[in-house]
Each structure stands twice: as C-alpha cells, then as structure tokens.
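Quick note, the sequence shown lines up with residues 7 to 190 if you use the working numbering.
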Amino acid sequence: MIDEVTLWYRFAALLPEPAATRVRDCWNTGEQEAGLDALVSGLQTHRVVISETTLAEIAVLVQAWGMGDELTHRLLCCAAVASGDGDGARLRLIEHPDARPLPSPGADHVLVPWIGCGRCGAVLARAHTVEPWGGLSYLPVHYAVMGPGSVPARVFPPRSPWPALAALRDECAAARAYAPGVVP
7 MIDEVTLWYR FAALLPEPAA TRVRDCWNTG EQEAGLDALV SGLQTHRVVI SETTLAEIAV
67 LVQAWGMGDE LTHRLLCCAA VASGDGDGAR LRLIEHPDAR PLPSPGADHV LVPWIGCGRC
127 GAVLARAHTV EPWGGLSYLP VHYAVMGPGS VPARVFPPRS PWPALAALRD ECAAARAYAP
187 GVVP
C-alpha cells in the first residue's frame with residue numbers, strides 16, 4: 007500500500023523553499039491538483055535534476071489524481087538522470103507525445119506504453135478506449151504490465167496505478183531471480 011502523505015512530502019522535499027512548502031500546503035488543504043501543478047512547475051523552474059525512477063513515480067501520482075493529460079508533457083521536460091537503484095528496477099518514463107499506441111487484445115482499446123524498466127525490459131502500459139473521433143479516452147480502461155517474454159500481461163483496474171507500478175518492479179525482480187547473469 008502506498009502512503010501518499012509520505013510520498014507527497016518526499017516529492018516536495020526535492021524542491022527548494024518556499025516551493026516545497028507550497029506543495030506541502032496544497033496537500034494539507036486538499037488541493038492536490040494545484041500541488042501537483044506546483045510540484046512539476048517547481049521541478050522545471052528550479053531545474054531540479056531527479057532520477058528517472060522518481061520521475062516515473064511522480065507520473066504515477068499525477069495519473070492517480072487524474073492530471074495525466076495536463077502534466078505529463080511537462081514531466082517529460084524535467085531533468086532526469088539514469089536511476090541508480092542498486093539491484094532494483096530502473097524505471098523510466100517512456101511515454102512520448104508522438105508515440106503510436108500498440109494494438110491490444112481488446113478490440114475497443116489500445117495500449118500506450120508508459121513506464122519501462124531499463125534493467126529487465128518490462129513495460130507498464132495504460133489501456134485506453136479509442137473514441138469515435140479517433141482520440142484516446144481521458145482515463146485508462148486498465149493498466150497492463152508486460153514482461154520481456156511472451157507471458158500474458160498482468161492487468162490492473164483503472165484506478166490502480168500504484169499496484170501496477172509495484173507489479174512492474176516485481177517483474178524486474180522476478181527476471182533477475184530467474185536469470186541473474188543475463189539481465190544487465
């Protein structure tokens with residue numbers, strides 16, 4: 007289970023004062039959407055360099071609060087460096103505005119690759135409905151974690167980005183346990 011308060015405060019601590027206080031105050035007053043905007047703005051304004059894993063975690067928080075459409079393109083502009091997470095997953099935000107969605111087994115939706123693991127190659131994707139005008143649905147239909155092999159994807163409900171991210175990390179750990187000499 008994700009402790010959002012701890013996570014929120016950890017992300018706010020990335021920023022210098024008074025920007026960090028503004029993000030924490032937004033959480034404390036129930037203005038999460040404004041706080042997320044302040045967090046992303048602060049990362050950009052202060053040119054804060056963060057790990058790719060932290061950037062991916064912020065993307066999950068943004069998605070969980072329904073702010074993906076508004077903030078993802080700005081997140082992609084934040085300064086991120088390769089994650090040094092030891093033996094764990096090396097997460098990176100792989101969503102790109104020009105990327106084409108992947109076909110999905112479900113006829114009425116497509117998969118949008120979202121977060122990848124640089125260590126094992128697993129991917130967390132969002133499944134979206136293709137709307138009549140050709141655009142994608144605002145909210146995902148579900149999340150899917152796909153390993154580098156041909157194992158079926160693990161599917162998570164639409165409001166479950168954190169369990170899906172945990173499954174992506176588990177996928178990496180399982181790949182390392184299965185073939186520790188093969189995974190870079």
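Note that CB positions come from ideal geometry on N, CA and C, so glycine has one too. Since the structure is predicted, the reported quantities are computational estimates derived from the model, not experimental observations.
Three-state secondary structure assigned by DSSP to residue i
i, result
"residue 97", "strand"
"residue 142", "strand"
"residue 124", "coil"
"residue 65", "helix"
"residue 186", "Below a pLDDT of 50, predicted positions are generally treated as unreliable, and residue 186, at 46, falls in that range; the measurement from the model is reported next regardless. Of the three classes helix, strand and coil, the one that applies to residue 186 here is coil, per DSSP."
"residue 27", "helix"
"residue 78", "helix"
"residue 35", "coil"
"residue 147", "coil"
"residue 72", "coil"
Those residues which DSSP pairs with residue i across a bridge
i, result
"residue 166", "DSSP output for residue 166 lists no bridge partner at all."
"residue 152", "129"
"residue 11", "According to DSSP, residue 11 bridges with nothing at all."
"residue 86", "56"
"residue 20", "Note: residue 20 sits in no beta bridge, so no partner."
"residue 158", "For residue 158, which the question treats as bridged, DSSP gives no partner whatsoever."
Supposed contact pair residue j and residue i - C-beta distance, whole angstroms, cut 8 Å
i, j, result
"residue 128", "residue 148", "With 8 Å as the limit, residue 128 and residue 148 do not qualify as a contact, their Cβ atoms being about 17 Å apart."
"residue 56", "residue 86", "6 Å"
"residue 78", "residue 101", "6 Å"
"residue 13", "residue 52", "With 8 Å as the limit, residue 13 and residue 52 do not qualify as a contact, their Cβ atoms being about 20 Å apart."
"residue 144", "residue 75", "6 Å"
"residue 58", "residue 88", "6 Å"
"residue 131", "residue 117", "4 Å"
"residue 167", "residue 66", "5 Å"
"residue 99", "residue 82", "7 Å"
"residue 160", "residue 179", "Not a contact, Cβ separation roughly 14 Å."
- Task: Decide if the region 51 to 71 is in contact with the region 116 to 136; the criterion is three or more beta carbon pairs, one per stretch, under 8 Å apart.
- Result: yes
- Taking three-plus beta-carbon pairs below 8 Å as touching, is the region 135 to 152 in contact with the region 46 to 53? no
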